[in-house]
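Here the structure is laid out as structure tokens; the discussion comes afterwards.
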DNA sequence: AGAGAAATGTCAGCTACATTGCAGTTCCTA
DNA sequence: TAGGAACTGCAATGTAGCTGACATTTCTCT
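Protein chains in written order, with the UniProt record's numbering: chain A, 1 to 225; chain B, 1 to 225.
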């Protein structure tokens with residue numbers, strides 16, 4: 001792939017916008033590229049060398065497998081998000097992989113060690129990156145406290161609202177979301193059983209709050225949400 | 001207070017160990033100092049200028065108040081821990097304060113803006129700091145997944161185990177922990193009601209797994225824990 | 001087109017835990 | 001050293017949401 005294209009892939013990301021042309025060049029040299037199809041599984045933890053990934057196109061979910069073999073969704077990664085060893089520290093215990101949700105995805109990556117070098121040479125990038133990790137932490141803390149204090153119905157509403165804000169397309173008073181998640185996925189994200197999620201979704205449809213099918217979710221009244 | 005003493009307060013912390021004498025000097029100049037007694041409340045979010053704090057002595061809990069006035073424990077800070085605007089970003093919504101748990105505490109602090117300057121001049125510190133924030137994030141993620149998958153009994157066990165490991169004094173096959181938390185505090189930390197926590201603790205005492213009173217908690221059999 | 005695999009819908013029964021309410025203890029402080 | 005506040009202990013009752021079992025619909029792949 002052309003250096004120029006790589007350049008723009010990084011340049012797009014707000015994290016790297018502070019960098020000069022030369023600095024981005026440096027990152028580009030160490031950047032890898034990959035495409036994958038729906039359903040494909042990308043192993044990244046403990047697989048080979050630690051990397052940081054940038055999702056250029058599509059959606060993936062990060063799934064963790066515990067000792068009993070149960071799968072839990074850790075994160076949903078959208079276009080433009082970073083994932084992988086974001087903490088700059090490998091943890092050997094974490095048994096995680098990424099599964100492609102959308103039809104096809106494009107992923108860039110660089111080695112953790114290379115990225116560290118760049119950070120050392122660019123203190124302002126290092127600072128932005130720290131804030132970026134901090135932001136991630138705040139998001140996690142937030143969903144954590146939702147989990148404690150809100151019931152499953154509220155959690156579903158909050159999730160749909162957040163999803164609509166990041167990815168939904170707004171028309172008039174409605175938000176249309178491309179639905180690449182199954183009800184089981186949604187259930188795992190809001191930490192409830194599949195059955196409960198199904199029930200709550202149907203309830204919301206019956207109440208006219210949302211429209212739902214396998215392709216898209218429509219939030220009807222944005223204001224009341 | 002003497003510059004020398006300040007120097008050692010920072011020098012003790014592993015985060016700052018990579019810094020040269022001169023660099024630590026720089027941080028010392030901007031460092032404030034404070035003492036407080038049991039029960040005292042230290043406001044830090046939204047109070048005045050954003051700061052980062054270092055707890056030198058004692059224990060505090062970070063408490064958040066939501067819109068309904070309910071208090072929830074966000075974190076327990078132990079000697080040597082950092083707290084405050086760790087993400088280097090002020091969030092105005094967060095309504096948090098710190099309450100002193102131990103008899104007395106000593107707290108150092110520096111302004112967020114000053115700390116950013118130091119980070120910009122010391123890329124390797126910036127890198128360590130990012131890893132430090134990342135570690136915090138991992139801990140949060142971990143308790144998050146405990147909350148989902150484990151029942152309250154297991155959560156209590158895990159909490160006591162972790163507490164014993166960080167602060168307990170090991171003698172023979174037992175671990176003695178200085179108990180500065182009420183049952184209500186413990187309940188909030190493991191996200192359950194006070195009654196359930198009481199019940200579980202008494203159950204564990206009855207089974208001989210732990211010894212419990214208001215002053216100390218003793219974990220009897222380290223191995224089986 | 002048709003079989004098999006996912007995904008979705010529905011229901012009864014159960015369980016862990018919250019809630020409420022009160023009584024007994026320990027601690028603080030005036 | 002008494003009296004109130006905070007903490008701890010116990011029991012009865014209520015319920016959100018999980019489990020499991022099954023039917024139905026929709027997708028996917030020869």
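Think of the CB as a built atom: it goes at the ideal place given N, C-alpha and C, for glycine as much as any other residue.
For this session: Please determine, among A:218, A:204, A:84 and A:136, the residue with the shortest C-alpha to C-alpha distance to residue 168 of chain A.
Result: Of the candidates A:218, A:204, A:84 and A:136, the one whose C-alpha sits nearest the C-alpha of residue 168 of chain A is A:218.
For this session: Indicate, with yes or no, if the ligand FAD has a heavy atom lying under 7 Å from the CB of residue 58 of chain A.
Result: This structure does not include the ligand FAD; it has no bound ligands of any sort.
Exercise. Whose CA, out of A:189, A:68 and A:99, lies closest to the CA of residue 140 of chain A?
Worked result: It is A:189 whose Cα lies nearest to the Cα of residue 140 of chain A.
For this session: Establish whether the CB of residue 129 of chain B and some CB of chain A are separated by less than 8 Å.
Result: Interface residue, yes.
Exercise. With DSSP run on the structure shown, which of helix, strand or coil describes residue 113 of chain A?
Worked result: Correct three-state label for residue 113 of chain A: helix.
Problem set entry | Residue burial classification, residue 184 of chain B (beta-carbon count within 10 angstroms, cutoff 16) | By the neighbour-count criterion, in which a residue is buried when 16 or more other Cβ atoms sit within 10 angstroms of its Cβ, residue 184 of chain B is exposed.
For this session: Report the residues of the region 142-161 of chain B with a CB closer than 9 Å to any CB of chain A, ordered along the chain.
Result: From the region 142-161 of chain B, only 143, 144, 145, 147, 148 and 149 have a Cβ closer than 9 Å to chain A.
Problem set entry | Where the beta strand (DSSP E) through residue 170 of chain A begins and ends | 169-171 is the span of the beta strand (DSSP E), which, as asked, contains residue 170 of chain A.
Exercise. Looking only at its own chain, which residues have a Cβ that is under 6 Å from the Cβ of residue 38 of chain B, when we skip the five neighbours before and after it?
Worked result: These residues qualify, in order along the chain: 100 and 103.
Exercise. From which residue to which residue does the beta strand (DSSP E) around residue 64 of chain B run?
Worked result: Start and end: 60-65.
Problem set entry | Residues, ordered as in the chain, of the region 198-223 of chain B that lie near chain A by beta-carbon distance below 7 Å | Interface annotation for the region 198-223 of chain B against chain A: empty, criterion Cβ-Cβ distance under 7 Å.
For this session: Return the chain-ordered list of same chain residues with a C-beta closer than 6 Å to the C-beta of residue 198 of chain B, the five sequence neighbours on each side being excluded.
Result: For residue 198 of chain B, where only same-chain residues beyond five positions count, the Cβ hits under 6 Å are 183.
Exercise. Residue 55 of chain A and residue 107 of chain A look like a contact to me (Cβ under 8 Å); what is the Cβ gap, rounded to whole Å?
Worked result: About 6 Å separates the beta carbon of residue 55 of chain A from that of residue 107 of chain A, a gap short enough to meet the 8 Å contact definition.
Exercise. Okay, do the region 193-209 of chain A and the region 162-178 of chain A touch, 3+ Cβ pairs below 8 Å being the bar?
Worked result: Taking 8 Å as the limit for Cβ pairs, the verdict is that the region 162-178 of chain A does not touch the region 193-209 of chain A.
Exercise. Within 8 Å (strictly less), CB to CB, does residue 13 of chain A reach chain B?
Worked result: So no, residue 13 of chain A is outside the interface.
Exercise. Residues in its own chain within less than 8 Å of residue 63 of chain A by CB, not counting five upstream and five downstream?
Worked result: Here residue 63 of chain A has 71, 72, 73, 74, 96, 97, 98 and 99 as same chain residues with Cβ atoms under 8 Å from its own Cβ, once five neighbours each way along the sequence are excluded.
Problem set entry | Paired residues, beta bridge with residue 72 of chain B - DSSP | DSSP lists B:64 as partners of residue 72 of chain B.
Exercise. Apart from the five residues on each side of it in sequence, which residues of its chain come closer than 8 Å, Cβ to Cβ, to residue 58 of chain A?
Worked result: Closer than 8 Å at Cβ, skipping near neighbours: 79, 100, 101, 102, 103, 104, 105 and 106.
Exercise. Around the C-beta of residue 130 of chain B, are 16 or more other C-beta atoms found within 10 angstroms, so that it is buried, or is it exposed?
Worked result: Classified as buried, residue 130 of chain B has 16 or more neighbouring CB atoms from the shown chains inside 10 Å of its CB.
Problem set entry | Neighbour list for residue 136 of chain A in chain B, Cβ cutoff strictly below 7 Å | Close to residue 136 of chain A, with beta-carbon spacing below 7 Å, are these residues of chain B in chain order: 137.
For this session: Excluding the 5 residues preceding and the 5 following residue 81 of chain B in the sequence, name in chain order all residues of the same chain whose CB lies nearer than 7 Å to its CB.
Result: Closer than 7 Å at Cβ, skipping near neighbours: 55.
Exercise. Just curious, the alpha helix (DSSP H) that residue 85 of chain B is in, first and last residue?
Worked result: DSSP places residue 85 of chain B outside any alpha helix (DSSP H), giving it a letter other than H or E.
For this session: Tell me, to the nearest whole angstrom, how far the beta carbon of residue 76 of chain A is from that of residue 61 of chain A; I am working on the premise that it is less than 8 Å.
Result: Residue 76 of chain A to residue 61 of chain A, Cβ: 5 Å. Contact.
For this session: Could you name the residues that DSSP lists as bridge partners for residue 77 of chain A?
Result: Answer is A:60, bridged to residue 77 of chain A.
For this session: Kindly identify the DSSP beta-bridge partner or partners of residue 161 of chain B.
Result: BP columns for residue 161 of chain B are empty, so no partner.
Exercise. Is there contact here, the region 111-127 of chain B with the region 204-215 of chain B, by at least three beta-carbon pairs under 8 Å?
Worked result: Touching, no.
Problem set entry | Inside the region 167-217 of chain B only - beta strand (DSSP E) runs reaching at least 3 residues | DSSP runs (the beta strand (DSSP E)) wholly in the region 167-217 of chain B: 169-171, 174-178 and 210-212.
For this session: Between the Cα of residue 133 of chain A and those of A:153, A:87, A:123 and A:160, spot the shortest distance and give me the residue it belongs to.
Result: Measuring from the Cα of residue 133 of chain A, the nearest candidate turns out to be A:87.
Exercise. Beta-carbon of residue 126 of chain A versus every beta-carbon of chain B: anything under 8 Å?
Worked result: Yes, contact with chain B.
For this session: Under 8 Å Cβ to Cβ from residue 136 of chain A, same chain only, skipping five residues before and after it: list those, please.
Result: Non-local beta-carbon contacts of residue 136 of chain A in its own chain, meaning distances under 8 Å to residues more than five positions away in sequence, involve 86 in chain order.
For this session: Give the single residue among A:69, A:53 and A:187 whose Cα lies nearest to the Cα of residue 30 of chain A.
Result: Taking only the C-alpha atoms, the option nearest residue 30 of chain A is A:53.
Exercise. Quick one: Cα of residue 209 of chain B to Cα of residue 155 of chain B, how far?
Worked result: Cα-Cα distance, rounded: 15 Å.
Exercise. How would you label residue 17 of chain A, buried or exposed, when you count the other beta carbons within 10 angstroms and need 16 or more for buried?
Worked result: Classification for residue 17 of chain A: exposed.
Problem set entry | C-beta atoms of residue 50 of chain B and residue 126 of chain A nearer than 8 Å | In this structure, residue 126 of chain A does not lie closer than 8 Å to residue 50 of chain B by Cβ.
For this session: Count the other C-beta atoms from every protein chain shown that fall within 10 angstroms of the C-beta of residue 21 of chain B, then say buried if there are 16 or more, exposed otherwise.
Result: Residue 21 of chain B counts as exposed, since fewer than 16 other beta carbons sit within 10 angstroms of its beta carbon.
Exercise. Apart from the five residues on each side of it in sequence, which residues of its chain come closer than 6 Å, Cβ to Cβ, to residue 211 of chain A?
Worked result: Exclusion of the five residues before and after residue 211 of chain A leaves 218 as the residues of its chain whose Cβ lies within less than 6 Å of its Cβ.
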